[in-house]
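Student: Chains A and B, in that order, give the protein sequences.
Each residue of the first sequence is one higher than the one before, starting from 2 at the first, in our numbering.
Each residue of the second sequence is one higher than the one before, starting from 3 at the first, in our numbering.
We put the beta carbon where it would ideally sit given N, CA and C, even for glycine.
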Amino acid sequence: MDVLSRNNVVITGRGDGPVLMLANGFGCDQNMWRLVTPELARHFKIVQFDHVGTGQSDVSAWSEERYSALDAYAEDILEICHELDLGPLVLVGHSVSAVFAVLAAAWEPGLFEKLILLTPSPRYIDDAGYRGGFSAEDIDELLESLDSNYLGWSESLAPVVMGNPERPELAEELSNSFCRIDPAIARVFARATFLSDNRADLGRVSVPTRVIDVAQDVIAPREVGQFVHESIPGSELVTLDAVGHCPQLSAPAATTEAIAGFAARDG
Amino acid sequence: MMPGADHAEQGPPQQQRTADGNGAQERAGYWGLPEDDPEDLYENAPCGYLSTRMDGRIVKANRTLLDWLGRSHDEVVGRMRFADLLTVGGKIYHETHFAPLVHLQHEVSGIALELRTADGTRLPVLVTSVVKTDSSGQPQLIRTTVNSARDRRAYEAELLRSREKAELEREHSQRLVSTLQQTLVPPALASPRGMEVTAHYHVASPDEVSGDFYDLFPLGKDAWGLFVGDVCGKGAPAAVLTSLARYTLRAAAVYNPDPVAVLTNLNTVLNTADHEHDPRFCTVLFGVLKPEDDGFAITLASGGHPDALLLRHSGSAEYIPTPGGQLIGVLAAPDVATTSVHLSPGDTLLLYTDGLTEAHTASDSGDRYGDEALLGYADVLAPCTASDVVSAITQLLDAFGEGLVDDTAVLALGVPARN
């Protein structure tokens, strides 16, 4: 299967606009950007995709061997960029995808004009002189809960979604599937994500970068945003007055502005 | 009424529905039952109720939920967010899945989460959230019901344990089956000098022992005995019968190597055993191999077994028929058919069990692979060494995939070609 089908690459927006690639984080799929794309699409050509193992990606391309390290996801981003051959683009990485963006830009800086890192975290577990937001025990508890098939992760307990007459734009097949993930894949993804330590990779980023964090985010607290900003040479930091790890959903207007304001700016 | 809380949701729900519609209320009145107090219905409902702003901040929580949490109204309402009530695993699920679903779909139901109570214990719950919008469709609030799922979680844990136990047992059973199967085929074949011998045992199911068997062994100076056979049935009875057939054949061949005598002795053993409730019979092809001229002479006796297939050095293939041979173990005195053939340099003799020809082919459902197709396949292969023909047959068996319903044993005897 070719790269574009494998990752369910979808291109929308303004045909002659600068290219903006949106990479969603842990959980759900490219529909995470649903509330920000209408406005962004007026100015940019938008490239979206699903990570292998999630959304409408080719699940048969997923293997535990390959996808138990975050590098594989960064390699997939590079493959998509090469295949599309749209020239240097602005890559927006949300949550763990911010780490994929950092790795991809460190390996092949020529492919990226700018990076925008939305609620990034290079390391979730607290460490000497570093506050990541979670203790090692916290993460063990999370991984244990995944191993036990408890919590919402179990596929059979995946949300049953009713028709929503007030929101007809949400097609039924979308609402039934876009946050589902095979618990076996979720386990491997969670282990790779929450045990990773990519702090050292931040210093390898050489393209202009904007870090966007959120005033109240239990997954990536403000110290983490500050750390990412200080570790990436020449980067800038914008803090949104919002709550939650997914500001593209909880504060779509402010998020759109923070993305577009940097992506469209010269230099 | 709610210190520190926004005035987003005022008062308890005013409307109630009864399970069977309006008529029920009238009947309740008629029977003189007290009308349920809405305030009390909300506060002391059998489930937890929670209202939050769109950012998750709690603006209302009922008594049931606060009791479960072991927390006071003022500790929770206006101060905490829904995610704050959850365990770490639940928090991350909430932030990465639950909240996105609520924002995009305005409704999420039946999600398993765990509450962290004031004293640190975990309370398994099932959570349903619905967004309340204003008249213009703008989201105002998230209303959430929280149902205790302690019993259900215990039940799930029990199911999980049962599944793990079943998986362990299955692994154990497969190990036993594969070990047993290994004992039914020889660990190594004693190849006569000047002959290349290759065998393959193809397992159709890792869960069940099948009754195919083969062997090749010396019979004194310059003579070798060999056989390929297939007992009726599967599983443990087939394994017992296979073992009996193999050892009887070897012992009978040492006593009197004449192929007809060997199969007659096997028939006597199988036929005299008590088999009223447990039919005991098999098909078997027994041969005696002797060096002759520049190759080997082989005499074959068949008890109802598929014919051997000869791949000639000249490039053609043909069956070596033994018509009329009857099943071993059913009749008191079965007919045993014999034939003799000379194997020249470059010739390869293939013996096999019927799992091969009875495999369902992928293309036409219900159709068996069959003798004709096998002959055509061998005709294309010939001339062919013993190891090459076995590897070709192995590929063929692999290609049948699900169509292969029975185990297959293959034994090839080849006289190397002269350069």
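Of all the residues that make up the stretch 30–48 of chain A, which are near chain B by a beta-carbon distance shorter than 9 Å?
Tutor: Per Cβ criterion, the list reads N32, M33, R35, L36.
Student: Since L302/B is in the beta strand (DSSP E), which residue starts that stretch and which ends it?
Tutor: Judged by DSSP secondary structure, L302/B falls within the beta strand (DSSP E) whose first and last residues are 297–305.
Student: If the criterion is Cβ atoms closer than 8 Å, does the pair A241/B and L268/B meet it?
Tutor: no
Student: Tell me whether the stretch 237–253 of chain A and the stretch 134–147 of chain A touch, counting them as touching only if at least three CB pairs, one residue from each stretch, are closer than 8 Å.
Tutor: no
Student: Can you tell which of A73/A, P121/A, P19/A has the C-alpha that lies nearest to the C-alpha of G88/A?
Tutor: P19/A
Student: Please state whether DSSP places V412/B in a helix, a strand or coil.
Tutor: Note: V412/B maps to strand in three-state DSSP.
Student: Nearest chain A C-beta to G58/B closer than 8 Å, yes or no?
Tutor: yes
Student: Which residues of chain A have a Cβ atom closer than 8 Å to the Cβ of E169/B, listed in chain order?
Tutor: Under the 8 Å cutoff, chain A gives no residues; its nearest Cβ is about 14 Å from E169/B.
Student: Could you work out which residues of chain A lie near S93/B, taking near to mean beta carbons separated by less than 7 Å?
Tutor: The amino acid occupying residue 93/B in the given sequence is Lys; Ser does not appear at that position. Here the neighbours are V219.
Student: For chain A, check one thing: does any of its Cβ atoms lie closer than 8 Å to the Cβ of A85/B?
Tutor: For A85/B, at least one C-beta of chain A is nearer than 8 Å to its own C-beta.
Student: Answer yes or no: do S111/B and V127/B have a C-beta to C-beta separation smaller than 8 Å?
Tutor: no
Student: Which of the residues in the stretch 228–256 of chain A, read from start to end, lie with their CB under 8 Å from any CB of chain B?
Tutor: A243, V244, G245, H246, C247, L250, S251
Student: Using DSSP's beta-bridge definition, name the partner residues of W226/B.
Tutor: P220/B, L291/B
Student: Scan the stretch 109–131 of chain B for residues whose Cβ lies nearer than 9 Å to a Cβ of chain A and list them as they occur along the chain.
Tutor: E109, V110, S111, G112, I113, A114, L115, E116, P126, L128, V129
Student: Give the residues of chain A in contact with P102/B, contact being defined as C-beta atoms less than 8 Å apart.
Tutor: G28, C29, M33, C180, C247, L250
Student: So with CB distances below 7 Å, who are the chain A contacts of E77/B?
Tutor: Correct list: empty, because the minimum Cβ distance to chain A is about 18 Å.
Student: State the CB to CB distance for the pair L88/B and R118/B, rounded to an integer number of angstroms; the pair is presumed to be in contact (CB under 8 Å).
Tutor: The pair is a contact, with the Cβ atoms about 6 Å apart (cut-off 8 Å).
Student: By Cβ distance below 7 Å, which residues in the same chain neighbour P109/A in space, the five residues on each side in sequence not counted?
Tutor: In the sequence under discussion, the amino acid at residue 109/A is Glu, which differs from the Pro named in the question. Closer than 7 Å at Cβ, skipping near neighbours: L79.
Student: Between which two residues does the beta strand (DSSP E) containing P308/B stretch?
Tutor: Segment: none, P308/B is in no beta strand (DSSP E) and carries neither H nor E.
Student: What are the complete beta strand (DSSP E) segments, minimum 3 residues, inside the stretch 196–252 of chain A?
Tutor: For the stretch 196–252 of chain A, whole beta strand (DSSP E) runs of length 3 or above, ordered along the chain, are 210–217, 237–244.
Student: Between E97/B and chain A, is any beta-carbon pair separated by less than 8 Å?
Tutor: yes
Student: Give me, in chain order, the residues of the same chain whose beta-carbon lies closer than 8 Å to that of D280/B; leave out the 5 immediate sequence neighbours on both sides.
Tutor: P239
Student: Keeping to the same chain, check which residues put their C-beta closer than 6 Å to that of D198/A; ignore five residues upstream and five downstream.
Tutor: R124
Student: By DSSP, does N46/B sit in helix, in strand, or in coil?
Tutor: coil
Student: Should P166/A be labelled buried (16 or more other beta-carbon atoms within 10 Å of its own) or exposed?
Tutor: Confidence at P166/A is low in this model, with a pLDDT of 40, below 50, so the placement of that residue should be treated as unreliable; the coordinate-derived value is given next. It is exposed - the Cβ of P166/A has fewer than 16 other Cβ atoms within 10 Å.
Student: Are the CB atoms of L311/B and L383/B nearer to each other than 8 Å?
Tutor: no
Student: Considering only the beta carbon of each residue, do T200/B and P261/B sit closer than 8 Å?
Tutor: no
Student: Alpha carbon to alpha carbon, how far is D296/B from K223/B? Give it in angstroms, no decimals.
Tutor: 18 Å
Student: Consult DSSP for L92/A and reduce its assignment to one of helix, strand or coil.
Tutor: strand
Student: Give the interface partners of T181/B over in chain A, defined as CB-CB distance under 7 Å, in chain order.
Tutor: Residues of chain A whose Cβ lies closer than 7 Å to the Cβ of T181/B do not exist, since the nearest Cβ in that chain is about 28 Å away.
Student: Write down the C-beta distance between G468/B and G305/B rounded to the nearest angstrom, noting that I regard them as a contact closer than 8 Å.
Tutor: Limits of chain B in this structure are 3 at one end and 421 at the other, which puts residue 468/B out of reach.
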